[in-house]
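See below for the structure under consideration.
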Amino acid sequence: MSKQKNIFISHYEKDDVHVQSLKKRLIRDGYDVKNFSVDSTKHKDGRRPSDAVIKRLLDIRIKASSTFICLIGPDTHTRKWVNYEIRKAHLEGKKIIGIYSHGNKDNVELPEAFKKYGSSTLGWNSIEKLGEIISGGNIPFENPDGSKSNDLHKSKRIKC
Numbered sequence: 001m002s003k004q005k006n007i008f009i010s011h012y013e014k015d016d017v018h019v020q021s022l023k024k025r026l027i028r029d030g031y032d033v034k035n036f037s038v039d040s041t042k043h044k045d046g047r048r049p050s051d052a053v054i055k056r057l058l059d060i061r062i063k064a065s066s067t068f069i070c071l072i073g074p075d076t077h078t079r080k081w082v083n084y085e086i087r088k089a090h091l092e093g094k095k096i097i098g099i100y101s102h103g104n105k106d107n108v109e110l111p112e113a114f115k116k117y118g119s120s121t122l123g124w125n126s127i128e129k130l131g132e133i134i135s136g137g138n139i140p141f142e143n144p145d146g147s148k149s150n151d152l153h154k155s156k157r158i159k160c
């Protein structure tokens, strides 16, 4: 990759360890990425910001990102902010990629907004495919174990 890519990783706050691992794997594989997501490692003094502040930060960071990734774990589908982030990414015209978190390939439910707007899903061990997507490629849907899956929906993406 020739230039840095800004990514946003939507996730459930208890999955921060997976976010950090995903960032390290991308960097190790030569992808120059900057994570614009809001996670617990970025809160000042350990205090949680208000909903209004979180919404403002999310809106700004999602808009500034070239790629939107949803880290899918066992409880991701229950989180209001994850669904908000996915809807916002859709409104901003972002490619929305889901990646199943490590060890969560069985019985993991997709967030409702992802079912409507998701571009593709990948298994945790498909880091090279995620790198291709970040670089602008298109990758089909995968099951949590990395095997090919049918698309959730047929969508036609147009570059402006």
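Residue numbers (full-length UniProt numbering): 1 to 160. For glycine and all other residues, C-beta sits at the position ideal for the given N, C-alpha and C.
Assign residue i to one of three DSSP states: helix, strand, or coil.
i, result
"Ile72", "strand"
"Val53", "helix"
"Ser10", "strand"
"Arg79", "coil"
"Gly131", "helix"
"Arg87", "helix"
"Asn47", "Per the sequence shown, the amino acid found at residue 47 is Arg instead of Asn. In this structure, Arg47 counts as coil in the three-state DSSP scheme."
Would you mind sorting residue i into buried or exposed? The rule is 16 or more other CB atoms within 10 Å of its CB.
i, result
"Ala113", "buried"
"Gly131", "buried"
"Ala52", "exposed"
"Lys156", "Caution applies to Lys156, whose pLDDT of 49 falls short of 50 and renders its modelled position unreliable; the model cannot decide the point."
"Tyr60", "The amino acid occupying residue 60 in the given sequence is Ile; Tyr does not appear at that position. Flag for Ile60 reads exposed."
"His153", "Only weak support exists for where His153 lies, its pLDDT of 48 falling under 50; the value from the coordinates is given anyway. Classification for His153: exposed."
"Asn104", "buried"
"Ala64", "exposed"
"Glu128", "exposed"
"Ser2", "No answer about Ser2 holds up, because its pLDDT of 48 lies below 50 and its placement is not dependable."
"Lys94", "buried"
"Ser37", "buried"
"Asn107", "exposed"
"Lys14", "exposed"
Look up residue i in the DSSP assignment and give the residues it is bridged to.
i, result
"Asn107", "Per DSSP, none; premise fails for Asn107."
"Gly98", "Cys70, Thr121"
"Ser33", "A small correction: the amino acid at residue 33 is Val; Ser does not occupy that position in the sequence shown. DSSP, once it has assigned bridges, lists Lys5 as partnering Val33."
Since residue i is in the alpha helix (DSSP H), which residue starts that stretch and which ends it?
i, result
"Lys115", "112-117"
"Ser21", "16-28"
Taking only beta-carbon positions, decide if residue i is within less than 9 Å of chain B.
i, result
"Val33", "The displayed structure is made up of one protein chain only, and chain B is not part of it."
Original post:
Do the stretch 74-82 and the stretch 17-36 make contact, defined as three or more Cβ pairs closer than 8 Å?
Top reply: no
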